[in-house]
């Protein structure tokens, strides 16, 4: 396993349509002041995108949340 840059945000398992389990993780990498989110699947880089911060709490928005609100803030507003 190679060293990966940045801070790990979370790791998870996902299942393909064929039933294979894929180990994945999301990492926050900051280069020259620019925040990016790196998605690894099966220990290989699968996706890189600009990081987006939640307008409510300032945390990084990661799947399954989309848009400008993170998953915990979406859940807490749904409870109201």
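Residue numbers (this note's numbering): 500 to 579. Glycine included, C-beta positions come from ideal geometry on N, C-alpha and C.
Classify residue i: buried if its beta carbon has 16 or more other beta carbons within 10 angstroms, exposed otherwise.
| i | result |
| --- | --- |
| residue 526 | buried |
| residue 556 | exposed |
| residue 568 | buried |
If residue i sits next to residue j, beta carbons under 8 Å apart, how far is it from one beta carbon to the other, in whole angstroms?
| i | j | result |
| --- | --- | --- |
| residue 534 | residue 550 | 4 Å |
| residue 540 | residue 559 | Not quite, the Cβ-Cβ distance comes to about 18 Å (not below 8 Å), so this is no contact. |
| residue 537 | residue 529 | Actually they do not touch by this definition, with Cβ atoms about 11 Å apart. |
Completely contained beta strand (DSSP E) runs for the region 503-570, where each covers 3 or more residues: 506-514, 520-530, 533-540 and 543-549
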